[in-house]
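Scroll down for the structure; my scribbles are underneath it.
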Amino acid sequence: MTFQVMTANRLHDGQVVYLAEDDSWSERLSDAIVADSDEMAKTLLTLGARAVEQHIVVDAYLFAVSVENGRILPLSRRELIRAAGPSVRIDLGYQAAAE
Amino acid sequence: MYRYDEFDQTFVDERVAQFRDQVARRLTGEIPEDAFKPLRLMNGVYLQLHAYMLRVAVPYGVLSSRQLRQLAHISRRYDKGYGHFTTRQNIQYNWLKLEDVPDVLADLAAVEMHAIQTSGNCIRNTTADQFAGVAADEIEDPRVYAEIIRQWSTLHPEFSFLPRKFKIAVTGAPNDRAAIKTHDIGIGIVQNAAGETGFEIFVGGGQGRTPVVAKRIRGFLPKRHLLSYLEAILRVYNQLGQRANIYKARIKILVNTVGIEEFTRLVEDEWQYLKDTALDLPAAEIERINAYFAPPAYDTLAHDDPAYEEKRLTDPVFARWARTSVHAHKKPGYAIVTISLKPVGGIPGDATAEQMEAVADLADRYSFGELRVAHEQNLVLADVRQRDLHALWQQLQAHGLATANVGLLTDIIACPGLDYCNLANARSIPIAQRISERFADLNRVHDIGRVTLNISGCINACGHHHVGNIGILGVDKKGTEYYQVTLGGSADENTEIGKIIGPAFDEHQIVDAIETIIGTYLEIRKNGESFIDTYRRVGLSPFKETLYATH
Chain A
0 MTFQVMTANR LHDGQVVYLA EDDSWSERLS DAIVADSDEM AKTLLTLGAR AVEQHIVVDA
60 YLFAVSVENG RILPLSRREL IRAAGPSVRI DLGYQAAAE
Chain B
0 MYRYDEFDQT FVDERVAQFR DQVARRLTGE IPEDAFKPLR LMNGVYLQLH AYMLRVAVPY
60 GVLSSRQLRQ LAHISRRYDK GYGHFTTRQN IQYNWLKLED VPDVLADLAA VEMHAIQTSG
120 NCIRNTTADQ FAGVAADEIE DPRVYAEIIR QWSTLHPEFS FLPRKFKIAV TGAPNDRAAI
180 KTHDIGIGIV QNAAGETGFE IFVGGGQGRT PVVAKRIRGF LPKRHLLSYL EAILRVYNQL
240 GQRANIYKAR IKILVNTVGI EEFTRLVEDE WQYLKDTALD LPAAEIERIN AYFAPPAYDT
300 LAHDDPAYEE KRLTDPVFAR WARTSVHAHK KPGYAIVTIS LKPVGGIPGD ATAEQMEAVA
360 DLADRYSFGE LRVAHEQNLV LADVRQRDLH ALWQQLQAHG LATANVGLLT DIIACPGLDY
420 CNLANARSIP IAQRISERFA DLNRVHDIGR VTLNISGCIN ACGHHHVGNI GILGVDKKGT
480 EYYQVTLGGS ADENTEIGKI IGPAFDEHQI VDAIETIIGT YLEIRKNGES FIDTYRRVGL
540 SPFKETLYAT H
């Protein structure tokens, strides 16, 4: 079973967000709920679809992550870039605030 | 340049108001995303990796200084202080909030701009030679016909839901700087044996996953038939283009499937119903549009300005910049200047708000307040007095805009790639940056000479990799970015699709691979041969041998 996280873009500003505790959406990947079973992944999908229907987010989907020492890391380059910001502009995106 | 009439301004203002209402209803949930997506795309709004992206149309690449200042203002107020000039002469903002987009569109409308038809399956912004109206080799100004096409194609009810997007380009010069043969329709202004000016029409060109060089459908079309003939082509395509399969929906597939002879017959048949109707272009209408593009009040000057000549002789750094950035103008004593948006290690096509404002000021001071966007992702000042070139260059230097690499290896075309784009499989920009840094030595780049290097981050080919002398295509192989190299492409009057040289390189190998290709060229080139000349003489083999010798 691959670990998975639910992500989307927030409707009003398009920002990347992750499904977190209490059915909230966080800008921080570290806040995300990590699904470690098919059943949990299904729950996240349901919650993601509901948030789309409630017009909170758009384009909700699951993506694969690893969890190392409690740190959530996307497996794909695409999700790394979404989580951090453009690799060519480290002054932009969430990575800028983390500096 | 063209100025909006009452009709233009009214429909643009009405569209802003309409979209403002649609966004408000989307944010309250009254309109679901499925219904909203086509509405936002009709207004140039995409959802990309980090935020909403807005693509703003720059009609045939022509901007006033006032418009450029407004683009700078928008980047600063609503985005992150920069914009990205694209390979279709447009500008994109990468970090917009949906709730701000109506205000952005209102700010654009205030300077006679919009983002309509910059997305969706419609006729997109018509592009043109960035040297239009001033090039020494020009037969006639293509902006006049690009504007006529803009008016005809904007909100054209019959062509708002085509099988797929549709791109038209126009050149008025035999040396094609508008890449017309890579477009769905390419239009070249030509003269016939009787000395009359008309159009040579090409159809079915395109890049993407099926690159095709456009085929000639008409050798000479009299001017008055331009719109009726375009309408006939679009009608045939609209009726017969494959709507069921997105990968087979472009006109190039239709032309290839039925063959150019049959496609021509279909168009000519359709044209019989359309020619000499309301679509006819009377000479008076052409003249009316032509008046918008009347030449500015040029000074009467000598052919070669002595002060410019002297500066070139005494200032070698200036001379090197002039060699690549300064181009022949049709008026004596004037020059066309290309401003490189490709500094060493920079992001191709990006300009900060400050740079945009600086260029707007320089356009006011030296070029009648107008400028152009080139599809190579550079800016152009079209009407600079030769005597002002040195002062202009000094001021460009102060803003990081005087890199002497236009038309050379580091004048790289690159799409936004995986750093921004939802469709991309691999990053383009960092590869462009690392190649640019490897070849930072301008003496070396000038020695290498004219060569085009184009990079796309996916097969959609926004970075025009198929038609780069050297093309790089980013692909994803099991989660790792790889880069496939093509050689021999070109986007000029001798348009060709590049050939894949062999297995792809990973991100750590690709810059060395480019260095090997360039090294091979330098080894085998004959006197005065450009990269593409050498390639056409020797083919892929010598490059393949050196590239894969150790593999």
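Chains A and B are the protein sequences, given in the same order.
Numbering-wise (numbering that gives the first Met the number 0), the first sequence opens with residue 0 and increments by one.
Numbering-wise (numbering that gives the first Met the number 0), the second sequence opens with residue 0 and increments by one.
Virtual Cβ for every residue (Gly too), placed ideally from N, Cα, C.
Below 6 angstroms CB to CB, which residues in the same chain sit around Glu-78/A once its five sequence neighbours on both sides are set aside? Within the first sequence, numbered from 1, the residue matching residue 78/A stands at position 79. Around Glu-78/A: Phe-62.
Ala-95/A, DSSP secondary structure in three states: Counting from 1 along the first sequence, the entry for residue 95/A is found at position 96. Helix at Ala-95/A.
Would a check of beta-carbon distances place Thr-299/B closer than 9 angstroms to chain A? Numbered from 1 along the second sequence, position 300 holds the residue referred to as residue 299/B. No, because no Cβ of chain A sits closer than 9 angstroms to the Cβ of Thr-299/B.
Have a look at Lys-330/B, Ile-428/B, Pro-141/B and Thr-351/B and flag the residue whose alpha-carbon is nearest the alpha-carbon of Thr-299/B. For the purposes of this step, residue 299/B is taken as the residue at position 300 of the second sequence. The option with the nearest alpha carbon to Thr-299/B is Lys-330/B.
Cα-Cα separation, Ala-23/B to Glu-98/B: Within the second sequence, the letter at position 24 stands for residue 23/B. Within the second sequence, the letter at position 99 stands for residue 98/B. About 8 angstroms.
Candidates Val-474/B, Thr-337/B, Ala-327/B and His-328/B: which alpha carbon is nearest Trp-553/B's? In the structure as shown, chain B starts at 0 and stops at 550, and residue 553/B therefore has no counterpart that could be examined.
What residue does the alpha helix (DSSP H) around Met-112/B start on, and which one ends it? As a first step, residue 112/B is located in the second sequence; it is residue number 113 there, counting from the start. Unbroken run through Met-112/B: none, as it is neither H nor E.
Are Glu-111/B and Arg-14/B touching if we call contact CB-CB under 9 angstroms? Here residue 111/B is taken as the residue at index 112 of the second sequence, counted from 1. Here residue 14/B is taken as the residue at index 15 of the second sequence, counted from 1. Contact: no.
Is the CB of Asp-58/A under 9 angstroms away from at least one CB in chain B? Here residue 58/A corresponds to residue number 59 of the first sequence, with the count starting at 1. It does: the Cβ of Asp-58/A has a partner Cβ on chain B nearer than 9 angstroms.
Suppose you measure from the CA of Gly-194/B to the CA of Leu-220/B; what does that come to, to the nearest Å? Position 195 of the second sequence, counted from the start, is the residue given in the question as residue 194/B. Position 221 of the second sequence, counted from the start, is the residue given in the question as residue 220/B. The alpha-carbon atoms of Gly-194/B and Leu-220/B are separated by roughly 13 angstroms.
Residue(s) in a DSSP beta bridge with Asn-453/B: Taking the second sequence and counting its residues from 1, one reaches residue 453/B at position 454. Answer by DSSP bridge pairing, in chain order: Ile-412/B and Gly-470/B.
Using 8 angstroms as the Cβ pair cut-off and three pairs as the minimum, do the region 457-470 of chain B and the region 202-211 of chain B touch? yes
Please list, in chain order, the chain A residues whose beta carbon lies closer than 7 angstroms to that of Ile-346/B. For the purposes of this step, residue 346/B is taken as residue 347 along the second sequence, with counting starting at 1. Simply Val-87.
Can you tell me whether Leu-154/B is buried or exposed? The criterion is at least 16 other CB atoms within 10 Å of its CB, across all chains shown. For the purposes of this step, residue 154/B is taken as residue 155 along the second sequence, with counting starting at 1. With fewer than 16 Cβ atoms within 10 Å of its Cβ, Leu-154/B is classed as exposed.
Counting along the chain, where does the alpha helix (DSSP H) carrying Ser-152/B start and finish? Taking the first residue of the second sequence as position 1, residue 152/B is located at position 153. Per DSSP, Ser-152/B belongs to the alpha helix (DSSP H) from 141-152.
For a contact meaning CB atoms closer than 9 angstroms, what does Leu-61/A contact in chain B? Translated into the one-based positions of the first sequence, residue 61/A becomes position 62. Chain B residues near Leu-61/A: none, gap ~16 angstroms exceeds 9 angstroms.
I need the straight-line Cα distance from Asp-78/B to Leu-95/B, nearest angstrom please. As a first step, residue 78/B is located in the second sequence; it is residue number 79 there, counting from the start. As a first step, residue 95/B is located in the second sequence; it is residue number 96 there, counting from the start. So the two alpha carbons sit approximately 6 angstroms from each other.
In terms of residues, what are the limits of the alpha helix (DSSP H) holding Arg-39/B? One-based indexing of the second sequence puts residue 39/B at position 40. Where Arg-39/B is concerned, the enclosing alpha helix (DSSP H) stretches over 32-41.
Indicate the three-state DSSP secondary structure (helix, strand or coil) for Asn-255/B in the structure shown. What you label residue 255/B is simply residue 256 of the second sequence in a count that begins at 1. Reduced to three states, the DSSP call for Asn-255/B is helix.
Can you name the start and end residues of the alpha helix (DSSP H) that Phe-18/B belongs to? One-based indexing of the second sequence puts residue 18/B at position 19. Taken as a continuous stretch (DSSP letters only), the alpha helix (DSSP H) holding Phe-18/B covers 5-26.
Collapsed DSSP secondary structure at Ile-55/A in the structure displayed: Looking up residue 55/A in the first sequence gives position 56. Coil, per DSSP.
Between the Cα of Met-355/B and those of Pro-342/B, Ile-346/B, Gly-344/B and Leu-370/B, spot the shortest distance and give me the residue it belongs to. Stepping through the second sequence from its first residue, residue 355/B is reached at position 356. Ranking the options by Cα distance to Met-355/B, first place goes to Leu-370/B.
Does the count of Cβ pairs from the region 377-385 of chain B and the region 46-57 of chain A closer than 8 angstroms reach three? no
Measure the C-alpha to C-alpha separation of Glu-260/B and Val-235/B and round it to an integer number of angstroms. Indexing the second sequence from 1 puts residue 260/B at position 261. Indexing the second sequence from 1 puts residue 235/B at position 236. If I take the Cα positions, the gap works out to 14 angstroms.
Checking 9 angstroms against the spacing of the C-beta atoms, do Met-52/B and Tyr-59/B come in under that value? Locating residue 52/B in the second sequence gives position 53, counting from the first residue. Locating residue 59/B in the second sequence gives position 60, counting from the first residue. Going by C-beta atoms, Met-52/B is not nearer than 9 angstroms to Tyr-59/B.
9 angstroms Cβ cut-off: residues of chain A touching Gln-432/B: Position 433 of the second sequence, counting from 1, holds the residue named residue 432/B. In chain order: Val-87.
Just confirm the distance between the C-beta atoms of Gln-428/B and Ile-346/B, as a whole number of angstroms; I'd bet it's less than 8 angstroms. Here the question's residue 428/B lines up with position 429 in the second sequence. Here the question's residue 346/B lines up with position 347 in the second sequence. The sequence shown places Ile at residue 428/B, rather than the Gln named in the question. At roughly 5 angstroms, the Cβ-Cβ gap stays under 8 angstroms, so Ile-428/B and Ile-346/B are in contact.
Tell me the DSSP secondary structure of Asp-505/B in three-state form. On the second sequence, position 506 is the one that residue 505/B refers to. The answer is strand: DSSP assigns Asp-505/B an E or B state.
Give the interface partners of Ala-350/B over in chain A, defined as CB-CB distance under 7 angstroms, in chain order. The residue you call residue 350/B lines up with position 351 of the second sequence. Within 7 angstroms Cβ-Cβ: nothing; Ala-350/B doesn't reach chain A, min ~14 angstroms.
List, in order along the chain, the chain B residues whose C-beta lies closer than 7 angstroms to that of Leu-91/A? Along the first sequence, read from residue 1 onward, the residue named residue 91/A stands at position 92. By Cβ distance, chain B contributes Lys-79.
If Leu-388/B and Val-325/B are in contact, beta carbons under 8 angstroms, what's the gap, nearest whole angstrom? Here residue 388/B corresponds to residue number 389 of the second sequence, with the count starting at 1. Here residue 325/B corresponds to residue number 326 of the second sequence, with the count starting at 1. Yes, Leu-388/B and Val-325/B are in contact; Cβ-Cβ is about 6 angstroms, under 8 angstroms.
Taking Gln-14/A as the query, report the chain B residues whose CB atoms sit under 9 angstroms from its CB, ordered along the chain. Taking the first sequence and counting its residues from 1, the one referred to as residue 14/A is at position 15. The answer, in chain order, is His-49, Ala-50 and Lys-96.
Counted within 10 angstroms of its Cβ, other Cβ atoms place Gly-258/B as buried (16 or more) or exposed: Looking up residue 258/B in the second sequence gives position 259. Exposed is the call here.
Which whole-angstrom value is the C-beta distance of Leu-408/B and Val-444/B, which I expect to be below 8 angstroms? Numbered from 1 along the second sequence, position 409 holds the residue referred to as residue 408/B. Numbered from 1 along the second sequence, position 445 holds the residue referred to as residue 444/B. Indeed, because the Cβ distance is near 5 angstroms, the residues count as touching under 8 angstroms.
Pick helix, strand or coil for Val-405/B, following the three-state DSSP scheme. To locate residue 405/B, count along the second sequence from 1; it is residue 406. In this structure, Val-405/B counts as coil in the three-state DSSP scheme.
Amino acids of chain B, ordered along the chain, whose beta-carbon sits closer than 8 angstroms to that of Gly-84/A: Within the first sequence, numbered from 1, the residue matching residue 84/A stands at position 85. The contacting residues are His-49.
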